[in-house]
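Here's the structure we're looking at; comments come further down.
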Amino acid sequence: MAEMQRNLQILDFKCADYDQAVKEGTEKNVLESMSLMTVLSKIDNEN
762 MAEMQRNLQI LDFKCADYDQ AVKEGTEKNV LESMSLMTVL SKIDNEN
């Protein structure tokens with residue numbers, strides 16, 4: 762269950778970062794827009 766929650770948080774960060782990229786008019790790949798380590802550190806900081 763914790764694994765699923767973590768995956769959902771990763772998706773939330775990816776989506777938020779992608780939305781920001783779209784607003785800025787940049788053509789970023791969703792997976793490249795934020796590094797995985799950045800996402801994981803943000804999640805760890807929240808928990």
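Going by the numbering used here, the sequence shown opens with residue 762, and the numbers climb by one from there. We put the CB at the ideal spot given by N, CA and C, even for glycine. Because the structure is a prediction, the values reported are computed rather than measured.
Delimiting residues of the alpha helix (DSSP H) encompassing residue i
i, result
"Met-798", "797 to 807"
Sequence-distant residues of the same chain with beta carbon closer than 8 Å to residue i, five excluded per side
i, result
"Arg-767", "Ile-804"
"Met-798", "none"
Same chain, Cβ closer than 7 Å to residue i, neighbours up to 5 away in sequence not counted
i, result
"Gln-770", "Ile-804"
DSSP-derived helix/strand/coil call for residue i
i, result
"Lys-762", "Rather than Lys, the amino acid found at residue 762 in this sequence is Met. Three-state result, Met-762: coil."
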